[in-house]
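Undergrad: My questions will all concern the structure given below.
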Amino acid sequence: MLKSKEMEKIRPEQYLKREKPKERTEGIKIPEKEWKTLEIIAKRVSGDFGMKVKLGPPFLEEFNPLTGKKEKIPYSAFENIEDRSITFNPLFILENPEKAKRIAAHEGSHRAITRGEHEIGLPRKQITKLSSPEYIGFHSFRNIGLEDPRVNNWDTKKFPGLIELNKKVYDKQLKGENTQFIAPEVNLIISKLGRYPRYAEGASELLRFWHKGRYSKKLKPEIQKFLQRTQEYATKYQQTLPPTEGSLTEKEVIEKARECFETYHEDIWPEVKKLVEMDLKTEQSRQMLKDFKKIQKELDRKRKEMKEIKARGNTKKQEELQKEIEELEGQLDPFNGLPEDVKKELQEQIDKAIRETSEKLNKEIEEKQKQIEKAKERQEELDKEIKNLEEKLKEASGKEKEELEKQLQEKKTEKLAQEMKQKQSEQELKDIQNTLEQIQSGQEMPYPEDKLSEKTKQELEKLFQKLPHSKKEEYRQKAQKELEDFEDAVNKELEGKLNKDKPESHKERREREKAKREAAERTSEEKERMKKIQKELERIKREKMTEYEKIREDVAPLIDNLYYRLRKILVPEEWREEELGWPTGKQPDIARAMQAKKDISQKMKMWIRETEPSKKDYRFLHLIDLSDSMKGRKIKETLKGLIVITEAVDRIENFKSENLEIAQEIIGFSGGVLPEPVKDFKERFTRQTQGKLTKLLEMVGGSTNTYAGTLKALEDLKKNLGESGNFLLTFSDGEPNRDIKEELKKVLKNKEERKKIKVGLIWLGESESEKDLQKLVKEYGYDFGIVMPAIKPSSSREKNFAEKLADLLENIVKYPEKY
59 MLKSKEMEKI RPEQYLKREK PKERTEGIKI PEKEWKTLEI IAKRVSGDFG
109 MKVKLGPPFL EEFNPLTGKK EKIPYSAFEN IEDRSITFNP LFILENPEKA
159 KRIAAHEGSH RAITRGEHEI GLPRKQITKL SSPEYIGFHS FRNIGLEDPR
209 VNNWDTKKFP GLIELNKKVY DKQLKGENTQ FIAPEVNLII SKLGRYPRYA
259 EGASELLRFW HKGRYSKKLK PEIQKFLQRT QEYATKYQQT LPPTEGSLTE
309 KEVIEKAREC FETYHEDIWP EVKKLVEMDL KTEQSRQMLK DFKKIQKELD
359 RKRKEMKEIK ARGNTKKQEE LQKEIEELEG QLDPFNGLPE DVKKELQEQI
409 DKAIRETSEK LNKEIEEKQK QIEKAKERQE ELDKEIKNLE EKLKEASGKE
459 KEELEKQLQE KKTEKLAQEM KQKQSEQELK DIQNTLEQIQ SGQEMPYPED
509 KLSEKTKQEL EKLFQKLPHS KKEEYRQKAQ KELEDFEDAV NKELEGKLNK
559 DKPESHKERR EREKAKREAA ERTSEEKERM KKIQKELERI KREKMTEYEK
609 IREDVAPLID NLYYRLRKIL VPEEWREEEL GWPTGKQPDI ARAMQAKKDI
659 SQKMKMWIRE TEPSKKDYRF LHLIDLSDSM KGRKIKETLK GLIVITEAVD
709 RIENFKSENL EIAQEIIGFS GGVLPEPVKD FKERFTRQTQ GKLTKLLEMV
759 GGSTNTYAGT LKALEDLKKN LGESGNFLLT FSDGEPNRDI KEELKKVLKN
809 KEERKKIKVG LIWLGESESE KDLQKLVKEY GYDFGIVMPA IKPSSSREKN
859 FAEKLADLLE NIVKYPEKY
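This is the structure:
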């Protein structure tokens, strides 16, 4: 158990339903207290009491197509994003109880405060760009040096009992100097590259400074410069935390995550990008030298073969081989053109790097072999002990039997744990052996750039620049892939496992792009077949779509468009707009500064300031005419427009703060007012709202009692007035019933009674004129009116009803005083 006062207060019965571990553990007994502790840590830290902590089997199973058998796969824990659960290996909990607690706490913390690019509201194009080759290193750097420290700052501040757990992890990880990675997969990539990427060094040093308050003793000049330029911003990022007191709101989490993204993208990433570019140049050189080394090896093989052919007197084969040798010599010409001392230095340093890496990997192989042998020997011993206990059990009874059964189960559990260790070591051994084989065969080559002289580096750069464009591009692509694979391995180890909004990995992007290219290269016949399949899938999809989804499909792009337009108006601080003409400020207006020499009054107007956000508080009530004349296209176009503006406004509601308040209500009427609103001011836009909106299609019919609808709408608005503007928008295609005209005029023309409410008429139809509308507006006392034909425009350049309605809403919010 955790020993801090904070954790001592947590009791399973206080927070959780009592659940028994799932019976998939093959009899392995986990003390209920231990299991409950993991569950409590994960749920308390994440604040998600729907999060599940499960016990899995000792091994996972995977079918091996080569052997035709299922193989046991060792694991520690795995996540399921869909049901928000972590499944632990019971053997892992028994062997590493502290590590298990750390995983539960760390994943819970990521779940609590880490948010991805979709969640903070970045445009789709920008999100896609962040996973492109242009942004190699973007996600892994943030995970290593910024987000993990930030998550740990938050969870240890909120739960002091986690301080010791986190300290042990980072003490171990940062025990040595310079970049350190624990994940075997990452270290094997480093063995092949011959160095740590600079950007990973930079991230690792930020992590070290966060944990120890100092950097490594020996740093490369470019890393020193990088740290000088970024440490202040990194600390700011790491300390940008949601509140730790009380319950978190999603709005608080997203606000802080958005601040962090901006700090990283604007202030830190440009410096990281410089290191990544250096890493790409280094990797390009490695790819080039590896290629030359392979060509030299093939040339040596061909020359040896030539000697053997000459000895046999095979003239025809000699001619063929000579052509191949000359071609290979031609490919080596650029490398052979290097100064002799440069070639000698390269040969010596690369041979030394290969030798040292091979020695290191061989030692790791020996260590893994010892671990495997030790695990096997212990399993054999345990087999004997288990057999002995089983014999004794046959004769035992009472308490003696209970004690023997307990010992037997403990031995069986230990045997499974040893089997897990063996399987894990065997897999790691296989990976190490594969890496060693790749290096020794020349398929991979560690490149010791740090050991090379400046002259040699410069000569290699000149050599690279002399290569044909196609060759340079080939090496650039290979270099990108190597760094992408490195980043994927780091991200797999460090990213929050329970965050749905994970960035696409480089491997996933490459596979997606490959699939896209392959699809583009298919024959016309195949394309036609795929079109038919796609058409059928679309048909099936549409059959499963709700009526709301079918209507929304036509206007979906308009929703995003209006949302971002409104967001720019209502949340201007995100755009950091500036105002001229201030007596003081951070930045001078150059034009006025120059004028000030002649006109001293300009000195009081020569500074620029960022605009201070002003409070914006709006209410919108949409009053929908459901009378008989609205049947067909009119009501359907009205619904499309409503979907656009109500969904966009609903998304803006996510930004509610002391500077922004916005809400909306929808009411339907015909001969009378619908018994209840389609959506009231207090509700958010939900699936239930969607259902109510589409039901309006079935409710069209009857007369036009605009008076009753307006009265109800004004009544509701008066109870929910906003400070910046209150707008009642009436969607109708005709005049009110004759018997209620005077009552309606009386209500609309009583401006004092209406308080701050502006009433507008959105007049739908096919041939209504602006002149007729303005006559109607004046007669009844509407504040404004707009004709919006509810028919499909004859020209693609002409805006449809939904587009015009979106423009109107934007204009109302931007210039409320006009209405």
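Each residue of the sequence shown is one higher than the one before, counting from 59 in our numbering.
Backbone N, C-alpha and C define an ideal beta-carbon position, used for all residues, glycine too.
With 16 other CB atoms within 10 Å as the buried threshold, where does residue 178 fall?
TA: Stepping through the sequence shown from its first residue, residue 178 is reached at position 120. Buried is the call here.
Undergrad: Which residues does DSSP list as the beta-bridge partners of residue 677?
TA: Taking the sequence shown and counting its residues from 1, the one referred to as residue 677 is at position 619. Paired residue(s): 721 and 784.
Undergrad: Apart from the five residues just before and just after residue 834, which ones in its own chain have a Cβ nearer than 8 Å to its Cβ?
TA: Against the sequence shown, residue 834 aligns to sequence position 776. Its chain contains 793, 819, 821, 840 and 843 as the residues whose beta carbon lies nearer than 8 Å to that of residue 834, once the 5 sequence neighbours on both sides are disregarded; these appear in chain order.
Undergrad: So for residue 113, helix, strand or coil by DSSP?
TA: Translated into the one-based positions of the sequence shown, residue 113 becomes position 55. Three-state result, residue 113: strand.
Undergrad: Where does residue 603 fall in DSSP's three states?
TA: To locate residue 603, count along the sequence shown from 1; it is residue 545. Three-state DSSP puts residue 603 in coil, outside helix and strand.
Undergrad: Answer with buried or exposed for residue 556, where buried requires no fewer than 16 other C-beta atoms within 10 angstroms of its C-beta.
TA: Translated into the one-based positions of the sequence shown, residue 556 becomes position 498. Note that residue 556 scores 43 on pLDDT, short of 50, meaning its location in the model is unreliable; the coordinates nonetheless yield the value given after this. Its Cβ being crowded by 16 or more others within 10 Å, residue 556 is buried.
Undergrad: Please identify the residue among 693, 511, 678 and 712 whose C-alpha is closest to the C-alpha of residue 779.
TA: The sequence position of residue 779 within the sequence shown is 721, counting from 1. That would be 678, whose Cα lies nearest to the Cα of residue 779.
Undergrad: Hey, residue 440 and residue 472 are a contact pair by Cβ (cut 8 Å); roughly how many whole angstroms apart?
TA: Against the sequence shown, residue 440 aligns to sequence position 382. Against the sequence shown, residue 472 aligns to sequence position 414. About 6 Å; that satisfies the 8 Å criterion.
Undergrad: Just the C-alpha distance for residue 191 and residue 493, rounded to the nearest angstrom, thanks.
TA: For the purposes of this step, residue 191 is identified with residue 133 of the sequence shown, where counting begins at 1. For the purposes of this step, residue 493 is identified with residue 435 of the sequence shown, where counting begins at 1. Cα-Cα distance, rounded: 25 Å.
Undergrad: Specify the secondary structure class of residue 128 as computed by DSSP and reduced to three states.
TA: Counting from 1 along the sequence shown, the entry for residue 128 is found at position 70. Assigned with DSSP and collapsed to three states, residue 128 falls in strand.
Undergrad: Which first and last residues belong to the beta strand (DSSP E) in which residue 135 is found?
TA: Numbered from 1 along the sequence shown, position 77 holds the residue referred to as residue 135. Unbroken beta strand (DSSP E) run through residue 135: 135 to 138.
Undergrad: Near residue 443, which residues of its chain fall below 7 Å by C-beta distance, leaving aside the five closest residues on each side in sequence?
TA: Position 385 of the sequence shown, counted from the first residue, corresponds to residue 443. Correct list, in chain order: 469.
Undergrad: Near residue 617, which residues of its chain fall below 6 Å by C-beta distance, leaving aside the five closest residues on each side in sequence?
TA: Taking the first residue of the sequence shown as 1, we reach residue 617 at position 559. Within the same chain, residue 617 has close Cβ partners 702, 705 and 706.
Undergrad: From the DSSP output, which residues share a beta bridge with residue 846?
TA: Sequence index remark: in the sequence shown, residue 846 carries index 788 (1-based). DSSP lists 822 as the beta-bridge partner residues of residue 846.
Undergrad: Where does residue 118 sit, in a helix, a strand or coil, going by DSSP?
TA: On the sequence shown, residue 118 is found 60 positions in, with the first residue counted as 1. Residue 118 carries a strand assignment under DSSP once its states are collapsed to helix, strand and coil.
Undergrad: Once you ignore the five residues that flank residue 318 on each side, which residues in its own chain have a CB closer than 6 Å to its CB?
TA: In the sequence shown, residue 318 corresponds to position 260, counting from 1. The answer, listed in chain order, is 295 and 298.
Undergrad: The beta strand (DSSP E) that contains residue 743, what's its start and end?
TA: Counting from one through the sequence shown, the residue named residue 743 turns up at place 685. It is not in any beta strand (DSSP E) - residue 743 carries neither H nor E in the DSSP assignment.
Undergrad: If you draw a straight line from the alpha carbon of residue 322 to that of residue 466, how long is it in whole angstroms?
TA: Numbered from its first residue, the sequence shown carries residue 322 at position 264. Numbered from its first residue, the sequence shown carries residue 466 at position 408. Each residue's alpha carbon lies about 55 Å from the other.
Undergrad: Using the C-alpha atoms, what's the distance from residue 406 back to residue 287?
TA: For the purposes of this step, residue 287 is taken as residue 229 along the sequence shown, with counting starting at 1. For the purposes of this step, residue 406 is taken as residue 348 along the sequence shown, with counting starting at 1. In a straight line, the C-alpha of residue 287 is about 36 Å away from that of residue 406.
Undergrad: Please report the distance separating the alpha-carbon of residue 231 from that of residue 195.
TA: The residue given as residue 231 occupies position 173 in the sequence shown. The residue given as residue 195 occupies position 137 in the sequence shown. Between residue 231 and residue 195, the C-alpha separation is close to 20 Å.
Undergrad: In chain order, what residues of the same chain lie with their CB nearer than 6 Å to the CB of residue 860, ignoring the 5 residues before and after it?
TA: Indexing the sequence shown from 1 puts residue 860 at position 802. For residue 860, where only same-chain residues beyond five positions count, the Cβ hits under 6 Å are 613, 616, 698, 699 and 702.
Undergrad: From the DSSP output, which residues share a beta bridge with residue 726?
TA: Taking the sequence shown and counting its residues from 1, the one referred to as residue 726 is at position 668. Its beta-bridge partners are 682.
Undergrad: For residue 738, which residues in the same chain have their Cβ closer than 8 Å to its Cβ, ignoring the five residues on either side in sequence?
TA: For this step, residue 738 is matched to residue 680 along the sequence shown. Within the same chain, Cβ atoms closer than 8 Å to the Cβ of residue 738 are found at 723 and 774, the five residues on either side in sequence being excluded.
Undergrad: May I ask you to list the residues that DSSP assigns as paired with residue 817?
TA: One-based indexing of the sequence shown puts residue 817 at position 759. Looking at the DSSP assignment, residue 817 forms a beta bridge with 786.
Undergrad: Is the beta carbon of residue 143 less than 9 Å from the beta carbon of residue 111?
TA: As a first step, residue 143 is located in the sequence shown; it is residue number 85 there, counting from the start. As a first step, residue 111 is located in the sequence shown; it is residue number 53 there, counting from the start. The answer is yes: Cβ separation under 9 Å.
Undergrad: For residue 340, is the classification buried or exposed, using 16 other Cβ atoms within 10 angstroms of its Cβ as the cut-off for buried?
TA: Locating residue 340 in the sequence shown gives position 282, counting from the first residue. By the neighbour-count rule (16 or more Cβ atoms within 10 Å), residue 340 is buried.
Undergrad: Which residue marks the beginning of the beta strand (DSSP E) containing residue 146, and which one marks its end?
TA: By 1-based counting over the sequence shown, the position of residue 146 is 88. Looking at the DSSP string, the run of the beta strand (DSSP E) that includes residue 146 is 143 to 146.
Undergrad: For residue 737, list the residues DSSP reports as bridge partners.
TA: Counted from its first residue, the sequence shown places residue 737 at position 679. DSSP, once it has assigned bridges, lists 724 as partnering residue 737.
Undergrad: Between 799, 621 and 477, which has its C-alpha nearest residue 117's C-alpha?
TA: Stepping through the sequence shown from its first residue, residue 117 is reached at position 59. Per the Cα distances, 477.
Undergrad: In whole angstroms, what separates the C-alpha of residue 836 from that of residue 863?
TA: Here residue 836 refers to the residue found at position 778 when the sequence shown is read from its first residue. Here residue 863 refers to the residue found at position 805 when the sequence shown is read from its first residue. When rounded, the distance between both Cα atoms is 22 Å.
Undergrad: Between which two residues does the alpha helix (DSSP H) harbouring residue 865 extend?
TA: Walking along the sequence shown from the start, residue 865 turns up at place 807. Residue 865 -> alpha helix (DSSP H) spans 859 to 872.
Undergrad: Apply the 10 Å Cβ neighbour rule to residue 522 and answer buried if 16 or more other Cβ atoms are within range, or exposed otherwise.
TA: Translated into the one-based positions of the sequence shown, residue 522 becomes position 464. Its Cβ being crowded by 16 or more others within 10 Å, residue 522 is buried.
Undergrad: Can you tell me whether DSSP reads residue 613 as helix, strand or coil?
TA: Residue numbering aside, residue 613 sits at position 555 when the sequence shown is read from its first letter. In the structure shown, residue 613 sits in coil (DSSP, three-state: anything other than H, G, I, E or B).
Undergrad: For residue 355 and residue 480, what's the separation of their Cα atoms in angstroms?
TA: As a working mapping, residue 355 is identified with position 297 in the sequence shown. As a working mapping, residue 480 is identified with position 422 in the sequence shown. Approximately 38 Å, taken between the alpha carbons.
Undergrad: With DSSP collapsed to three states, give me the class of residue 274.
TA: Translated into the one-based positions of the sequence shown, residue 274 becomes position 216. Residue 274 falls in the coil class under three-state DSSP.
Undergrad: Shortest alpha-carbon distance to residue 181 belongs to which of 728, 495 and 621?
TA: Your numbering for residue 181 matches position 123 in the sequence shown. Closest option to residue 181, Cα to Cα, is 621.
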